[in-house]
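Residue numbers (the numbering used here): 1 to 95.
Where is the CB? At the ideal position from N, CA and C, for every residue including glycine.
Notes follow once the structure below has been shown.
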């Protein structure tokens, strides 16, 4: 929030962002509890115009997520995920 405040053209918006950054109660009430995201935050403070690079630095990094084809029962609904995953592995080995 402090990083965003530096990019506000209106002093009032910058002051509100700094207040939210300095008060855990205000932050919880206005940002965390309603689960405000960066887009909603920028809409709430229209004079705040950070560069794309600034926004990317503020956002938390995405964590990798593992997916497996055996996660879906759609192909073989009567089979267990384990047997589907084995069928898939054997199909690759036989080729």
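Take the alpha-carbon of residue 60 and the one of residue 38: they are about 11 Å apart.
In this structure, the beta-carbon distance from residue 48 to residue 42 falls below 9 Å. Contact check for residue 18 and residue 26: beta-carbon distance about 11 Å, past the 8 Å limit, so the pair fails to qualify. Residue burial annotation: residue 14 is buried, with at least 16 other C-beta atoms found within 10 angstroms of its C-beta.
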